[in-house]
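So the structure is just underneath, and the comments pick up after that.
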DNA sequence: TCAACATATGAACAGTTGTTCATATGTTTG
DNA sequence: CAAACATATGAACAACTGTTCATATGTTGA
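Residue numbers (the numbering used here), protein chains in the order written: chain A, 1 to 118; chain B, 119 to 236.
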């Protein structure tokens, strides 16, 4: 802990800060999960689906038509979104309606948009 | 616009809503950029780098040592982060210090963490 | 200017991801 | 129950991504 692997010989950053940072870091696993979550936002098909669901819950085939993609592709992506707990599903007869799971989705996407616009 | 490609024959979602959603959607390009932005957050090495930079600006080799990765790997990822304008760099002699570009990064990661914890 | 050091970068490779196609599951209606 | 329809899923393939290795660039001090 006190000894460091050879790297830069002169450390501008104090060892205290490095130690402090190490203590403050969440577990590897938690950070891995966080990256996995953002990975879900990192695909334009899925972002588009989420944007649609901002307005209204919708069934798979309407999503497919709206986004100009096959039912299969949309269904695969909805599964990813569902596993990440970003959307939930509600069955009504033959059709399944998907809707946003909670408001973090809006906030996260909103902040992303803000970042793009600055 | 009024005519729809054959899909579900009975539409539970009113055509008005579909039209409304279409109008409210940002451009393809914007949504693509948004997904690209989140893609940057979607890697645990990059998330870890960002977390470290929450605490303090840091040089490449310190980051490499802290995260137990090669200098090259870190440097490649810093470039990605820089291109996305999530971090900025400051040169001081031989060493280059990287730091967070703005506070959206904190908010976005914070919201992501919140989502995981619910 | 040259050696030593910190960082950046290009090529290559393995691992991952999104779509398509074919098909399976599940639901309603006759 | 069978047909029709909406959705889900598995396999396969192309495209993309992150790391490594080798090397280049840029900076300092002798």
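Each residue gets a CB set at the ideal place from its N, CA and C atoms; glycine is no exception. Every value quoted in this text rests on a predicted model; they were computed, and no experiment measured them.
May I ask you to list, following chain order, the residues of the region 28-44 of chain A that have a beta carbon less than 9 Å from some beta carbon of chain B? 28, 30, 31, 32, 33, 34, 35, 36, 37, 38, 39, 40, 41, 42, 43 and 44
Where residue 188 of chain B and residue 108 of chain A are concerned, what is the direct C-alpha to C-alpha distance, given to the nearest angstrom? 31 Å
With a cut-off of 8 Å, do at least 3 Cβ pairs link the region 37-49 of chain A to the region 226-235 of chain B? yes
State yes or no: is the beta carbon of residue 229 of chain B nearer than 8 Å to at least one beta carbon in chain A? yes
Could you give the uninterrupted runs of the beta strand (DSSP E) lying entirely in the region 142-218 of chain B, keeping only those of 3 residues or more? 205-210 and 213-218
Any Cβ of chain B within less than 8 Å of the Cβ of residue 119 of chain A? The structure shown does not extend to residue 119 of chain A, since chain A is modelled only from 1 through 118, so no value can be given for it.
Taking Cβ-Cβ distances shorter than 8 Å, what residues in chain A pair up with residue 140 of chain B? 66
Locate the alpha helix (DSSP H) running through residue 114 of chain A, then write down its first and last residues. 104-117
Counting contacts by CB-CB distance shorter than 8 Å, is residue 47 of chain A in contact with chain B? yes
So, does the CB of residue 190 of chain B fall closer than 8 Å to a CB anywhere in chain A? no
Leaving aside the five residues before and after residue 191 of chain B along the sequence, list all residues of the same chain whose C-beta is less than 8 Å from its C-beta, in chain order. 163 and 182
Residue 117 of chain A burial status per 10 Å Cβ neighbour count (16 or more: buried): So residue 117 of chain A ends up on the exposed side.
Between the region 87-100 of chain A and chain B, which residues of the former have a C-beta closer than 8 Å to a C-beta of the latter? 92, 95 and 97
Minimum Cβ-Cβ distance from residue 69 of chain A to chain B less than 8 Å: Output row for residue 69 of chain A: interface = no.
Member of A:21, A:78, A:33 and A:87 whose CA lies at the smallest distance from the CA of residue 61 of chain A: A:78
Could you tell me which chain B residues have their CB closer than 8 Å to the CB of residue 81 of chain A, listed as they occur along the chain? Near residue 81 of chain A there are no residues of chain B at all, since even the closest Cβ is about 13 Å away, more than 8 Å.
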